[in-house]
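In this note's numbering, the protein residues as written are 18 to 473.
The beta carbon of each residue, even a glycine, is placed where N, CA and C say it ideally should be.
Keep in mind that this is a model prediction, so the values were computed, not measured.
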Ligand code: NAD
């Protein structure tokens with residue numbers, strides 16, 4: 018049976034040396050990580066091409082560039098984030114000072130999925146380093162070339178007792194989870210998220226769970242349909258729909274359904290050409306199992322356009338399915354592929370009710386020009402995060418924490434939220450010794466009376 022006790026022992030003793038806590042050490046580590054990535058940019062692009070047929074454009078925009086930018090942003094702000102925060106004290110604490118210190122948890126375990134295999138392993142690591150932790154990263158076994166490149170970047174940038182990559186599948190994950198970590202950051206599916214949380218509970222280790230689900234995309238009757246179609250096609254079909262925050266299904270007002278579908282078809286052609294299966298830049302499905310699962314959904318509803326598949330190359334055309342009901346198989350699980358079912362609604366209360374009946378999604382997208390519709394949807398529906406009049410773009414802002422709620426996950430990261438996720442906020446009250454307020458003591462005359470005056 019695999020065991021990683023030797024690794025956590027080594028990391029724990031390095032963490033105990035206190036080196037990783039110094040701000041200078043963390044800044045230097047982030048710079049080394051950035052340089053390591055930049056030196057292997059070509060290798061990463063080739064690996065992502067080999068693993069998923071990602072185009073260079075997508076590889077840079079959604080994996081390498083976004084991670085480099087996150088490191089730059091963190092380097093720019095880390096000093097300010099890491100400063101102890103002075104807080105007010107109330108009148109009952111007269112003479113005392115309150116401070117909140119951010120301290121690293123210790124050893125962080127980062128478990129990553131295959132769909133953005135580089136970004137989703139590297140982005141949490143930035144937070145772990147910034148906060149001063151040691152880390153073990155386990156990338157996905159389904160994207161071996163990218164995982165190997167990540168391992169190489171880490172191996173050449175850091176000593177093993179500080180940050181290391183462990184490669185392997187479920188057995189390796191299980192072996193790592195048997196060890197005690199001080200924080201677990203998991204990105205992946207809902208069922209595995211539950212396994213992770215159960216394993217973490219054995220050591221009382223706090224977790225962030227970045228999970229998935231069915232993210233709705235609502236197109237209201239007053240939406241700018243042309244723009245909506247292009248932004249939806251972009252967010253849905255990038256990475257062949259294998260994006261946790263991709264619009265999972267369209268929920269369109271019945272009065273604009275036909276015109277919206279026409280716009281959607283031309284947007285797909287504009288982005289991927291007349292015959293996307295022949296487009297050498299179109300990302301493939303990660304493996305046969307997922308390809309077959311997605312193919313089975315093609316019999317749901319009516320094919321509006323697309324539907325072509327290439328079992329040799331494991332590609333599926335951008336596909337839109339209409340006449341879909343909530344009961345269809347394609348509506349029973351996260352699609353995670355280039356298939357887009359379309360449902361219709363007749364009025365806003367119906368749309369809010371139906372979406373509210375579903376598990377809380379990771380993302381929600383709403384296309385409408387109406388301020389009151391935007392406000393009503395925002396107030397009535399719970400979701401991890403989302404966009405008004407766009408898709409997916411919210412996750413690229415380092416100023417917006419990204420994470421799920423309910424079954425789409427817990428915790429958040431990106432920008433300062435990553436630093437905070439990997440830090441414990443340690444509250445310390447520094448008391449004065451110049452005087453001693455008497456009323457707190459039980460033997461004071463009128464003590465209770467005075468306390469009642471303050472504590473009410
Ligand atoms: P997954 O849950 O199968 O695997 C994720 C990681 O967990 C991998 O490293 C894998 O080796 C490990 N793992 C798998 N089974 C395990 C088990 N039984 N015990 C312990 N570890 C195990 O997810 P995936 O298929 O790689 O990724 C797709 C899923 O991830 C989708 O549901 C998607 O929505 C979600 N996702 C979420 C986000 C987000 O940021 N919220 C981002 C990307 C993907």
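Secondary structure of residue i, DSSP reduced to three states
i	result
residue 254	helix
residue 339	strand
residue 361	strand
residue 413	helix
residue 292	coil
residue 64	helix
residue 15	As displayed, the chain neither begins before 18 nor continues past 473, which places residue 15 out of reach and without an answer.
residue 227	strand
residue 444	strand
residue 370	helix
residue 451	coil
residue 119	strand
residue 113	coil
residue 419	strand
residue 141	helix
residue 159	coil
residue 332	strand
residue 126	strand
residue 428	coil
residue 237	coil
residue 408	coil
residue 263	coil
Check: residue i C-beta below 6 Å from any heavy atom of the ligand NAD
i	result
residue 130	yes
residue 227	yes
residue 204	yes
residue 404	no
residue 424	no
residue 302	no
residue 20	no
residue 212	yes
residue 209	yes
residue 187	yes
residue 157	yes
residue 261	yes
residue 389	no
residue 190	yes
Among the options, the one whose alpha carbon lies nearest that of residue i
i	options	result
residue 207	310, 229, 284 and 200	229
residue 191	177, 209 and 28	209
residue 133	173, 186 and 204	204
residue 52	26, 81, 76 and 25	81
residue 344	355, 335, 359 and 354	359
residue 94	40, 453 and 399	40
residue 30	177, 45 and 170	177
residue 66	398, 402, 318 and 299	299
residue 367	394, 219 and 379	394
residue 442	72, 306, 305 and 115	115
residue 75	35, 153, 242 and 289	289
residue 186	131, 135 and 431	131
residue 138	107, 214 and 170	170
residue 374	399, 38, 175 and 403	399
residue 259	168, 106, 301 and 26	301
residue 234	217, 216, 269 and 111	269
residue 135	188, 71, 355 and 440	71
residue 263	196, 382, 365 and 279	382
residue 27	319, 97, 153 and 58	153
residue 469	73, 104 and 109	109
Other residues of its chain near residue i: CB distance less than 7 Å, five sequence neighbours each side excluded
i	result
residue 363	271
residue 385	237, 239, 240 and 391
residue 173	53
residue 415	87, 90, 431 and 432
Close-in-space but distant-in-sequence residues of the same chain around residue i (CB under 6 Å, 5 per side omitted)
i	result
residue 198	124, 126 and 222
residue 225	202, 428 and 438
residue 352	265
residue 464	456
residue 164	156 and 184
residue 440	119 and 148
residue 314	347 and 356
Beta-carbon contacts of residue i that lie in its chain and below 8 Å, excluding the five residues immediately before and after
i	result
residue 519	Look at the range of the chain in this structure, 18 to 473, and you will see that residue 519 is not part of it.
residue 140	83, 84, 87, 430, 431 and 435
residue 417	402, 411, 431 and 432
residue 283	246
Check: residue i C-beta below 6 Å from any heavy atom of the ligand SAH
i	result
residue 185	For the ligand SAH, the structure offers nothing, since it holds only the ligand NAD.
| Would you say the region 135 to 150 touches the region 119 to 127, given that touching needs at least three Cβ pairs under 8 Å? | yes
| Is the region 408 to 415 in contact with the region 174 to 190, if contact means three or more CB pairs nearer than 8 Å? | no
| Cβ contact (3+ pairs, closer than 8 Å) linking the region 254 to 269 and the region 441 to 451 | With a cut-off of 8 Å, the region 441 to 451 and the region 254 to 269 do not count as touching, because too few Cβ pairs lie within range.
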